[in-house]
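Visitor:
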Amino acid sequence: MSSSNTKDLLFSIIIPTRNRPVEFKEALDSVLAQSYDRIEIIVVNDGTNEHHRADYDQLEAEYSQVTFLNLIERSRGHGHCFARNQGVDAAKGDYIGFLDDDDYWTDPDFLKRAATEIVKSNADFYMANQKAVTHDGKEIHNVWVENLPEKLTTNDSRLASQVFSVNISEMLRANGFPHQNVCLIARSLYDKVGGMDENLRYEPDRDIYIRLLDNASSMLYDKTIVAIHNVPDKSKSANASTKTNRLEKLLFQLRTVEKSILFGQHQEIIEFCKARKGFILKHISEELTKLNKHTQAYWYAKEALNVSFTFKWWLYTHYCLIKKWKN
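For the sequence shown, the residue numbers in the numbering used here are 301 to 627.
(1) Quick one: measure Cβ to Cβ for Asn-370 and Asn-349, integer angstroms, because I've assumed they're closer than 8 Å.
(2) Tell me which residue opens and which closes the beta strand (DSSP E) that Thr-317 is part of.
(3) Three-state secondary structure (DSSP) at Met-496?
(4) From the DSSP output, in three-state form, read off Gly-387 for me.
(5) Hey, Pro-316 and Asp-403: beta-carbon distance below 8 Å or not?
(6) Of the residues Trp-614, Thr-589, Ala-516, Thr-454, which one's Cα is nearest the Cα of Lys-624?
(7) Please list the segments of the alpha helix (DSSP H) lying wholly inside the region 404-449, counting only runs of 4 or more residues, in order along the chain.
(8) Would you grab the beta carbon distance between Asp-514 and Gly-564 for me? Rounded to a whole angstrom, and I think it's under 8 Å.
(9) State buried or exposed for Arg-546, treating a residue as buried only when at least 16 other CB atoms are found within 10 Å of its CB.
(10) Please return the same chain residues whose Cβ sits closer than 7 Å to the Cβ of Leu-512, not counting the five positions on each side in sequence.
(11) Taking the alpha helix (DSSP H) that Glu-350 falls in, what are its first and last residues?
(12) How about the region 445-459 and the region 356-375: do they share at least three Cβ pairs that are nearer than 8 Å?
(13) Bridge partners of Cys-483, per DSSP?
(14) Tell me whether Arg-320 is buried or exposed, calling it buried when 16 or more other Cβ atoms sit within 10 Å of its Cβ.
(15) Determine the closest residue to Gln-567 out of Asn-467, His-435, Leu-500, Ser-421, with distance taken between C-alpha atoms.
(16) Consult DSSP for Leu-369 and reduce its assignment to one of helix, strand or coil.
(17) Between the alpha carbons of Glu-548 and Leu-591, how many angstroms are there, rounded?
(18) To the nearest angstrom, how far is it from the Cα of Ala-601 to the Cα of Lys-612?
(19) Name the DSSP beta bridge partners of Tyr-598, please?
(20) Closer than 7 Å by C-beta to Tyr-356: which residues in its own chain qualify, once you throw out the five before and the five after it? Chain order, please.
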């Protein structure tokens, strides 16, 4: 990190958006409501269609202090990762943050607190928490890393602090991973890991999270809920995660863990990804069985057995073999 004073620390907050001007405005306003004023906001309009273009043009004229990058229209957009990488390429900040256009920040002191803690510790990866809410207003618990304090020993002195340092093994104990809405990443670290993987259309935030964990020199965890994440409505197909079928999602997840098994630097990361690989292979086999693709199901079952042997899965693998013979 180049800045040694909180007042010198510049955050670049990137908001990708596409065809959601109303939700986007709420997200943008939530960033502008921050009490910390050293913020550069970059909006990446990922090819909004003609129906919404006038609304975005009006917002761009209204928010003259914000940088807008307007990408050409494509039927599926350029993708979650491409839009974010484009925003980072244009960013000048010491730290990078992201906010989805249908989510919003709720803590006006998020960046102020982060700046203070980052300067004190020289951390290059800062992670907070958010609340997940469904389209009908129901809150979903333990989706991200809000349960991390429960995974630490009760006499851990760090629990008295709102923000404290964490290591790889501790973060891997949490139920999930911190959403990009609540992460702040040193630009040098983002560049080091190569940014977002533009080949992924599902869970690219989990992918970069694992790579950031593996490469960060110092990490901070903030217990505060700083954002609301609106869980995509599965009955609608407008978003990338709901448009991707189950097998495609599993293949994207497989790519994520394979990369870290191959290139991971820390044994905790490698072992974690090996365990996830076995889990993913099992689910691929089960999905193929449902589709009556028994030859492929048997192959993936064997692969899962090689990665993570259990007697129960050994029996399932032989079940797949029998179904293959009968097919």
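Ideal Cβ placement from N, Cα and C applies to all residues, glycine included.
Guide: Concretely, from the data shown:
(1) Contact flag wrong, Cβ pair sits at about 13 Å.
(2) 311-317
(3) coil
(4) helix
(5) no
(6) Thr-589
(7) 410-421
(8) 6 Å
(9) exposed
(10) Phe-425, Ile-485, Leu-489, Val-493
(11) Unbroken alpha helix (DSSP H) run through Glu-350: 350-362.
(12) no
(13) Met-427
(14) buried
(15) Asn-467
(16) DSSP, read as helix, strand or coil, puts Leu-369 in strand.
(17) So the two alpha carbons sit approximately 14 Å from each other.
(18) 12 Å
(19) Paired residue(s): none; Tyr-598 is not in a bridge.
(20) Pro-321, Asn-345, Thr-348
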